[in-house]
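Everything on this sheet refers to the single structure shown next.
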Amino acid sequence: MNIASSFSGVSSSLLALFGHLLFFVFKIVFLFVLVYLFFFCISCKCVPFFKTAEKLKQIKIKNKWFCFTLWVLIDVKEYKKNFGKFNIFGLHLYVGRQRSGKTIAMVNKLNAIKNRYPNCVIVTNFKYQYADYIMTDWLDLLNIRNGEDGVVFAIDEIHSEYSASDWKDVPDSLLSEISQQGKQRVCILATTQFFSRVAKPIREQAFSVITCRNIAKRLIIEREYDALEYSAHVDNPLVAAKKLKTISKSSFVATDYIRNCYDTYEKINRMRDKQMKSYKKSISVGD
0 MNIASSFSGV SSSLLALFGH LLFFVFKIVF LFVLVYLFFF CISCKCVPFF
50 KTAEKLKQIK IKNKWFCFTL WVLIDVKEYK KNFGKFNIFG LHLYVGRQRS
100 GKTIAMVNKL NAIKNRYPNC VIVTNFKYQY ADYIMTDWLD LLNIRNGEDG
150 VVFAIDEIHS EYSASDWKDV PDSLLSEISQ QGKQRVCILA TTQFFSRVAK
200 PIREQAFSVI TCRNIAKRLI IEREYDALEY SAHVDNPLVA AKKLKTISKS
250 SFVATDYIRN CYDTYEKINR MRDKQMKSYK KSISVGD
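The sequence shown maps to residues 0 to 286 in numbering that gives the first Met the number 0.
Laid out in C-alpha coordinates, this is it:
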(Lines of atoms letter the chains of each structure in order from A; the text may use other names.)
(Lines give C-alpha, C1' and ligand atoms only; values in the text may rest on other atoms or scores of the structure.)
Protein backbone atom coordinates (compact mmCIF):
# COMPACT_ATOMS: atom_id res chain seq x y z
CA MET A 0 0.00 0.00 0.00
CA ASN A 1 2.85 2.39 0.90
CA ILE A 2 4.55 1.75 -2.45
CA ALA A 3 1.27 2.28 -4.32
CA SER A 4 0.56 5.46 -2.38
CA SER A 5 4.08 6.75 -3.03
CA PHE A 6 3.79 6.01 -6.76
CA SER A 7 0.40 7.72 -6.87
CA GLY A 8 1.82 10.75 -5.08
CA VAL A 9 4.79 11.00 -7.45
CA SER A 10 2.50 10.66 -10.50
CA SER A 11 0.21 13.39 -9.20
CA SER A 12 3.17 15.68 -8.56
CA LEU A 13 4.57 15.09 -12.06
CA LEU A 14 1.18 15.73 -13.66
CA ALA A 15 0.77 18.92 -11.64
CA LEU A 16 4.28 20.04 -12.63
CA PHE A 17 3.57 19.28 -16.28
CA GLY A 18 0.28 21.19 -16.08
CA HIS A 19 1.97 24.25 -14.57
CA LEU A 20 4.73 24.10 -17.19
CA LEU A 21 2.20 23.81 -20.02
CA PHE A 22 0.19 26.73 -18.64
CA PHE A 23 3.38 28.81 -18.35
CA VAL A 24 4.32 28.07 -21.98
CA PHE A 25 0.77 28.93 -23.08
CA LYS A 26 0.96 32.30 -21.27
CA ILE A 27 4.32 33.09 -22.89
CA VAL A 28 3.01 32.23 -26.37
CA PHE A 29 -0.21 34.17 -25.79
CA LEU A 30 1.74 37.21 -24.59
CA PHE A 31 4.07 36.98 -27.60
CA VAL A 32 1.10 36.85 -30.01
CA LEU A 33 -0.51 39.88 -28.34
CA VAL A 34 2.71 41.90 -28.55
CA TYR A 35 3.26 40.81 -32.17
CA LEU A 36 -0.28 41.80 -33.18
CA PHE A 37 0.08 45.12 -31.34
CA PHE A 38 3.17 46.09 -33.32
CA PHE A 39 1.62 44.64 -36.49
CA CYS A 40 -1.32 47.04 -36.10
CA ILE A 41 1.11 49.90 -35.49
CA SER A 42 2.97 49.01 -38.70
CA CYS A 43 -0.34 48.96 -40.59
CA LYS A 44 -1.37 52.27 -38.96
CA CYS A 45 -4.82 50.76 -38.45
CA VAL A 46 -6.64 47.67 -37.19
CA PRO A 47 -6.30 45.54 -40.36
CA PHE A 48 -8.66 42.76 -39.26
CA PHE A 49 -11.69 44.95 -40.02
CA LYS A 50 -10.47 46.19 -43.41
CA THR A 51 -11.36 44.71 -46.81
CA ALA A 52 -8.75 42.89 -48.89
CA GLU A 53 -8.69 45.81 -51.34
CA LYS A 54 -7.91 48.27 -48.55
CA LEU A 55 -5.24 46.01 -47.09
CA LYS A 56 -3.45 45.79 -50.46
CA GLN A 57 -2.84 49.53 -50.29
CA ILE A 58 -0.84 49.20 -47.05
CA LYS A 59 2.95 49.27 -47.42
CA ILE A 60 5.04 47.54 -44.73
CA LYS A 61 8.83 47.25 -44.78
CA ASN A 62 9.22 44.59 -42.10
CA LYS A 63 9.31 41.16 -43.75
CA TRP A 64 7.31 39.28 -41.09
CA PHE A 65 4.64 41.95 -40.73
CA CYS A 66 4.37 42.06 -44.54
CA PHE A 67 4.00 38.27 -44.57
CA THR A 68 1.25 38.46 -41.93
CA LEU A 69 -0.54 41.16 -43.92
CA TRP A 70 -0.64 39.09 -47.10
CA VAL A 71 -1.77 35.97 -45.26
CA LEU A 72 -4.63 38.05 -43.88
CA ILE A 73 -5.42 39.27 -47.41
CA ASP A 74 -5.45 35.68 -48.71
CA VAL A 75 -7.85 34.62 -45.94
CA LYS A 76 -10.22 37.49 -46.70
CA GLU A 77 -10.15 36.79 -50.45
CA TYR A 78 -10.73 33.09 -49.82
CA LYS A 79 -13.85 33.92 -47.80
CA LYS A 80 -14.95 36.35 -50.49
CA ASN A 81 -14.49 33.80 -53.29
CA PHE A 82 -15.79 30.82 -51.33
CA GLY A 83 -18.14 28.83 -53.54
CA LYS A 84 -16.61 30.10 -56.78
CA PHE A 85 -14.88 27.69 -59.15
CA ASN A 86 -11.40 27.08 -57.75
CA ILE A 87 -10.34 23.75 -59.25
CA PHE A 88 -7.33 23.91 -61.54
CA GLY A 89 -4.46 21.88 -62.91
CA LEU A 90 -4.00 18.90 -65.19
CA HIS A 91 -4.89 15.63 -63.48
CA LEU A 92 -4.08 12.32 -65.19
CA TYR A 93 -6.00 9.12 -64.42
CA VAL A 94 -3.70 6.18 -65.14
CA GLY A 95 -4.59 2.51 -65.47
CA ARG A 96 -4.71 -0.41 -67.86
CA GLN A 97 -7.77 -1.22 -69.92
CA ARG A 98 -10.87 -1.83 -67.79
CA SER A 99 -9.08 -0.66 -64.66
CA GLY A 100 -11.78 1.93 -63.99
CA LYS A 101 -9.86 5.06 -64.94
CA THR A 102 -12.56 6.49 -67.22
CA ILE A 103 -15.39 5.94 -64.76
CA ALA A 104 -13.18 7.45 -62.04
CA MET A 105 -12.80 10.56 -64.18
CA VAL A 106 -16.55 10.64 -64.86
CA ASN A 107 -17.25 10.32 -61.14
CA LYS A 108 -15.00 13.35 -60.59
CA LEU A 109 -16.87 15.23 -63.34
CA ASN A 110 -20.17 14.48 -61.62
CA ALA A 111 -18.81 15.77 -58.31
CA ILE A 112 -17.55 18.98 -59.94
CA LYS A 113 -20.87 19.54 -61.71
CA ASN A 114 -22.78 19.05 -58.45
CA ARG A 115 -20.53 21.52 -56.65
CA TYR A 116 -20.33 24.06 -59.49
CA PRO A 117 -23.54 23.70 -61.54
CA ASN A 118 -22.69 26.69 -63.75
CA CYS A 119 -19.32 25.38 -64.89
CA VAL A 120 -18.82 24.42 -68.54
CA ILE A 121 -17.73 20.85 -69.28
CA VAL A 122 -15.92 19.96 -72.51
CA THR A 123 -15.21 16.30 -73.32
CA ASN A 124 -13.87 14.24 -76.21
CA PHE A 125 -16.45 11.52 -75.51
CA LYS A 126 -20.20 11.41 -74.97
CA TYR A 127 -20.98 12.62 -71.46
CA GLN A 128 -24.44 13.35 -70.12
CA TYR A 129 -23.59 16.80 -68.73
CA ALA A 130 -21.10 17.91 -71.42
CA ASP A 131 -21.65 21.36 -72.90
CA TYR A 132 -19.26 20.91 -75.83
CA ILE A 133 -17.37 18.13 -77.59
CA MET A 134 -13.65 18.80 -77.79
CA THR A 135 -12.43 18.65 -81.39
CA ASP A 136 -9.03 20.32 -81.23
CA TRP A 137 -6.32 21.35 -78.77
CA LEU A 138 -7.18 24.97 -79.59
CA ASP A 139 -10.38 24.49 -77.60
CA LEU A 140 -8.15 24.82 -74.53
CA LEU A 141 -7.41 28.36 -75.65
CA ASN A 142 -10.82 29.37 -76.92
CA ILE A 143 -13.42 28.02 -74.49
CA ARG A 144 -13.79 30.12 -71.34
CA ASN A 145 -16.56 30.64 -68.80
CA GLY A 146 -15.42 33.49 -66.57
CA GLU A 147 -15.57 32.87 -62.82
CA ASP A 148 -17.82 29.81 -63.28
CA GLY A 149 -14.92 27.84 -64.75
CA VAL A 150 -14.31 25.23 -67.44
CA VAL A 151 -13.48 21.54 -67.10
CA PHE A 152 -11.90 19.66 -70.01
CA ALA A 153 -12.14 15.86 -69.84
CA ILE A 154 -10.03 13.91 -72.34
CA ASP A 155 -10.33 10.14 -72.45
CA GLU A 156 -7.28 8.16 -73.63
CA ILE A 157 -5.19 11.28 -74.13
CA HIS A 158 -2.17 9.21 -75.20
CA SER A 159 -3.98 7.83 -78.27
CA GLU A 160 -6.33 10.70 -79.00
CA TYR A 161 -3.45 13.15 -79.22
CA SER A 162 -0.09 11.49 -79.75
CA ALA A 163 3.30 13.10 -79.25
CA SER A 164 3.57 13.73 -83.01
CA ASP A 165 0.45 15.91 -82.83
CA TRP A 166 2.42 18.33 -80.70
CA LYS A 167 5.06 19.32 -83.22
CA ASP A 168 3.01 22.29 -84.42
CA VAL A 169 1.53 23.26 -81.06
CA PRO A 170 2.28 26.92 -80.20
CA ASP A 171 4.05 27.81 -76.97
CA SER A 172 1.04 29.94 -76.05
CA LEU A 173 -1.02 26.78 -75.59
CA LEU A 174 1.47 25.27 -73.15
CA SER A 175 1.62 28.59 -71.34
CA GLU A 176 -2.17 28.57 -71.13
CA ILE A 177 -2.16 25.09 -69.61
CA SER A 178 0.41 26.16 -67.03
CA GLN A 179 -1.79 29.10 -65.94
CA GLN A 180 -5.06 27.23 -65.50
CA GLY A 181 -5.51 28.57 -61.97
CA LYS A 182 -5.80 32.14 -63.23
CA GLN A 183 -8.05 31.10 -66.11
CA ARG A 184 -10.29 28.94 -63.88
CA VAL A 185 -9.63 25.92 -66.07
CA CYS A 186 -9.26 22.31 -64.98
CA ILE A 187 -8.15 19.45 -67.24
CA LEU A 188 -8.87 15.80 -66.47
CA ALA A 189 -7.48 13.08 -68.71
CA THR A 190 -7.06 9.32 -68.77
CA THR A 191 -4.18 7.28 -70.13
CA GLN A 192 -3.10 3.65 -69.98
CA PHE A 193 0.53 4.58 -69.39
CA PHE A 194 1.88 7.84 -68.01
CA SER A 195 5.01 7.64 -70.18
CA ARG A 196 2.93 7.58 -73.38
CA VAL A 197 1.49 11.02 -72.79
CA ALA A 198 3.21 13.73 -74.85
CA LYS A 199 6.06 15.17 -72.81
CA PRO A 200 4.89 18.81 -73.05
CA ILE A 201 1.62 17.74 -71.43
CA ARG A 202 3.29 15.47 -68.86
CA GLU A 203 5.46 18.31 -67.64
CA GLN A 204 2.38 20.42 -66.88
CA ALA A 205 0.55 17.72 -64.90
CA PHE A 206 -0.46 18.58 -61.35
CA SER A 207 -1.31 15.09 -60.09
CA VAL A 208 -1.53 11.48 -61.20
CA ILE A 209 -4.36 9.21 -60.04
CA THR A 210 -3.81 5.47 -60.44
CA CYS A 211 -6.94 3.34 -60.68
CA ARG A 212 -7.86 -0.28 -60.07
CA ASN A 213 -11.12 -2.04 -59.38
CA ILE A 214 -12.60 -4.93 -57.46
CA ALA A 215 -15.33 -6.89 -59.27
CA LYS A 216 -15.75 -3.95 -61.70
CA ARG A 217 -17.76 -2.13 -59.04
CA LEU A 218 -15.41 -0.85 -56.35
CA ILE A 219 -13.01 1.68 -57.87
CA ILE A 220 -9.88 2.40 -55.82
CA GLU A 221 -7.89 5.58 -56.47
CA ARG A 222 -4.46 6.70 -55.28
CA GLU A 223 -3.37 10.25 -56.03
CA TYR A 224 0.31 11.21 -56.40
CA ASP A 225 2.24 14.38 -57.06
CA ALA A 226 2.92 14.39 -60.81
CA LEU A 227 6.54 15.50 -60.47
CA GLU A 228 7.34 12.74 -57.98
CA TYR A 229 5.40 10.18 -60.05
CA SER A 230 7.32 11.15 -63.20
CA ALA A 231 10.65 10.78 -61.41
CA HIS A 232 9.47 7.44 -60.03
CA VAL A 233 8.62 6.19 -63.54
CA ASP A 234 11.67 7.56 -65.37
CA ASN A 235 14.43 6.90 -62.82
CA PRO A 236 15.13 3.28 -61.70
CA LEU A 237 16.91 4.53 -58.55
CA VAL A 238 13.91 6.61 -57.53
CA ALA A 239 11.54 3.78 -58.47
CA ALA A 240 13.10 1.64 -55.74
CA LYS A 241 11.69 4.03 -53.14
CA LYS A 242 8.07 3.91 -52.07
CA LEU A 243 5.99 6.63 -53.68
CA LYS A 244 4.05 8.80 -51.22
CA THR A 245 0.35 9.30 -51.90
CA ILE A 246 -1.40 12.66 -51.69
CA SER A 247 -4.74 10.99 -51.06
CA LYS A 248 -6.57 7.67 -51.22
CA SER A 249 -10.23 7.22 -52.09
CA SER A 250 -12.74 4.74 -53.44
CA PHE A 251 -16.31 4.67 -54.68
CA VAL A 252 -18.88 2.23 -56.01
CA ALA A 253 -19.44 2.30 -59.77
CA THR A 254 -23.24 2.38 -59.85
CA ASP A 255 -25.30 2.03 -63.01
CA TYR A 256 -26.07 5.75 -62.78
CA ILE A 257 -22.38 6.64 -63.15
CA ARG A 258 -21.93 4.08 -65.91
CA ASN A 259 -24.85 5.51 -67.85
CA CYS A 260 -23.48 9.05 -67.62
CA TYR A 261 -20.98 8.44 -70.42
CA ASP A 262 -20.30 6.49 -73.58
CA THR A 263 -16.86 6.24 -75.21
CA TYR A 264 -18.17 4.55 -78.38
CA GLU A 265 -18.32 7.83 -80.34
CA LYS A 266 -14.73 8.58 -79.37
CA ILE A 267 -13.62 5.15 -80.58
CA ASN A 268 -15.24 5.74 -83.96
CA ARG A 269 -13.65 9.18 -84.28
CA MET A 270 -10.23 7.78 -83.40
CA ARG A 271 -10.66 5.00 -85.95
CA ASP A 272 -11.55 7.52 -88.66
CA LYS A 273 -8.55 9.64 -87.70
CA GLN A 274 -6.21 6.64 -87.92
CA MET A 275 -7.66 5.65 -91.30
CA LYS A 276 -7.07 9.16 -92.68
CA SER A 277 -3.51 9.09 -91.37
CA TYR A 278 -2.98 5.64 -92.90
CA LYS A 279 -4.33 6.72 -96.32
CA LYS A 280 -2.19 9.85 -96.20
CA SER A 281 0.95 7.80 -95.51
CA ILE A 282 0.12 5.49 -98.45
CA SER A 283 -0.37 8.43 -100.82
CA VAL A 284 2.95 9.94 -99.71
CA GLY A 285 4.67 6.60 -100.23
CA ASP A 286 3.29 6.33 -103.75
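Glycine is no exception: its CB is placed at the ideal position from the N, C-alpha and C atoms.
Would you tell me roughly how many angstroms separate the C-alpha atoms of residue i and residue j, rounded to the nearest one?
i      : j      : result
Phe288 : Phe38  : Residue 288 falls outside the range modelled here, since the chain spans only 0 to 286, and no answer is possible.
Asn118 : Gln128 : 15 angstroms
Pro47  : Cys40  : 7 angstroms
Lys80  : Arg184 : 16 angstroms
Thr102 : Arg96  : 10 angstroms
Lys59  : Cys66  : 8 angstroms
Ser12  : Tyr35  : 34 angstroms
Met134 : Glu156 : 13 angstroms
Leu16  : Ala253 : 56 angstroms
His19  : Lys63  : 35 angstroms
Glu147 : Phe88  : 12 angstroms
Leu227 : Phe25  : 40 angstroms
Tyr224 : Ser230 : 10 angstroms
Asn235 : Tyr78  : 39 angstroms
Name the one or two DSSP bridge partners that residue i has.
i      : result
Glu221 : Cys211, Ser249
Ala226 : Answer by DSSP bridge pairing: none, since Ala226 is not bridged.
Tyr132 : Val122
Tyr256 : In DSSP, Tyr256 forms no bridge with anything.
Ala15  : Answer is none; Ala15 lacks a bridge partner.
Ala205 : Leu90
Tyr127 : Tyr261
Cβ of residue i within 8 angstroms of Cβ of residue j?
i      : j      : result
Thr190 : Val197 : no
Ile220 : Ser195 : no
Phe85  : Asp262 : no
Ile187 : Phe152 : yes
Asp136 : Ile121 : no
Ile257 : Val106 : yes
Leu92  : Ile209 : yes
Cys260 : Asn114 : no
What are the boundary residues of the beta strand (DSSP E) that includes residue i?
i      : result
Thr191 : 185–191
Phe152 : 150–154
Val94  : 89–94
Kindly indicate the opening and closing residues of the alpha helix (DSSP H) around residue i.
i      : result
Leu109 : 101–115
Leu55  : 52–55
Lys80  : 63–80
So, under 8 angstroms CB-CB, residue i and residue j are touching, yes? Tell me the CB distance rounded to an integer number of Å.
i      : j      : result
Ser99  : Arg212 : 5 angstroms
His232 : Leu243 : 5 angstroms
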